[in-house]
Amino acid sequence: MILNTHMPMDLDEQLFHFLADYFREEDQRRGVYAVTAVGEFVPSSLAHVGQGMGNFLRRYAPHRRWLFLDAGSGDGRLVVLLALVFGLRTVGVEYDEELHRRSLQNIRRISRVHPPPHAPQILCGDFLDDALYAKHGLRFADFHVVFNYANNHTLLAEKVARDGGEGAYFLLYSPRPTGESFSGLRCVDTWELSPTASVCRGPYLQVYRKI
Ligand SMILES: C[S@@+](CC[C@H](N)C(=O)[O-])C[C@H]1O[C@@H](n2cnc3c(N)ncnc32)[C@H](O)[C@@H]1O
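Next up, the structure:
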């Protein structure tokens, strides 16, 4: 199914544009690609992911009290988007120390102007490591939704199936639909987030649920 992403539906337009402008400037200043010790940093498109998450929340989580994990959170933009614009409780985990520092700085700066209802939390470490969550008073099983932008996603999918909470969702964002199946998870939706599907295809959001 193709979702139109010119302007993410039911987002607060003013907040969305504030974030889009903020991260556009960041991208110009710092670039949008880095190799990290465990993967690659490429930020997701706020418009695409905003549209996909809007659709996901409407369909699967209308009450929006869920705890969301961005596993491999980069510069924190997705965590901030979901905390500020959607009002979600959010946690990010990023392995790279420089990106972790940068995401804390982004959250501080943005929160000074628009404080989110629930302050996002960003942890530095490996998203597969249970001790990291425990150190911060969290358990992997607490996350209702686990998001990943195609970085070590196979191991993560296995972790959601093994250690995730009952009925936890795993959202895989990728330039192309991977069409993968993971033992213990069921693919319930695949959305194409392209603004102009006839010209450019993707990215895609695949929605899996723990069975
Ligand atoms: C493609 S970027 C996505 C950033 C962010 N989620 C977004 O959508 O803008 C993937 C990030 O995952 C991080 N990463 C990959 N494997 C990881 C792991 N096992 N633990 C923590 N971070 C990881 C990389 O360092 C990189 O910054």
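If you count the sequence shown from 1, you need to add 917 to reach the numbering used here.
Note that CB positions come from ideal geometry on N, CA and C, so glycine has one too.
Keep in mind it's a predicted model, so treat the numbers as computed, not measured.
Leaving out the 5 sequence neighbours to the left and right, which residues in its chain are closer than 7 angstroms to residue i when beta-carbon positions are compared?
i	result
D1106	V1124
P1094	T1107, Y1121, Q1123
Y977	Y1086
Along the chain, where does the beta strand (DSSP E) that runs through residue i open and close?
i	result
T1107	1102 to 1109
F1060	Run containing F1060: none; DSSP gives neither H nor E here.
Would you check if the distance between the CB atom of residue i and the CB atom of residue j is smaller than 8 angstroms?
i	j	result
S1098	P1120	no
G1082	H1053	no
L1049	A1078	no
Which residues in the same chain as residue i place their Cβ atom closer than 8 angstroms to its Cβ, once the five residues preceding and following it in sequence are excluded?
i	result
A1036	A1000, I1024, S1028
In three-state terms, what does DSSP make of residue i?
i	result
T1071	helix
V1003	Residue identity check: residue 1003 is Phe in the sequence provided, not Val. Residue state, collapsed to three classes: coil.
F1087	strand
I1027	helix
V996	helix
E1015	helix
Judging by CA-CA distance, which residue of the options is the nearest neighbour of residue i?
i	options	result
H1017	G989, R1006, L998	G989
Give every residue of the same chain whose Cβ lies closer than 6 angstroms to the Cβ of residue i, excluding the five residues on either side of it in the sequence, and list them in chain order.
i	result
R916	Nothing can be reported for residue 916, as the shown portion of the chain is limited to 918 through 1128.
M926	Note that M926 has pLDDT 46, beneath the 50 cutoff, so the model's placement of it is unreliable and no number is given.
Over what stretch of residues does the alpha helix (DSSP H) that includes residue i continue unbroken?
i	result
L974	963 to 977
L932	930 to 947
A1051	1047 to 1052
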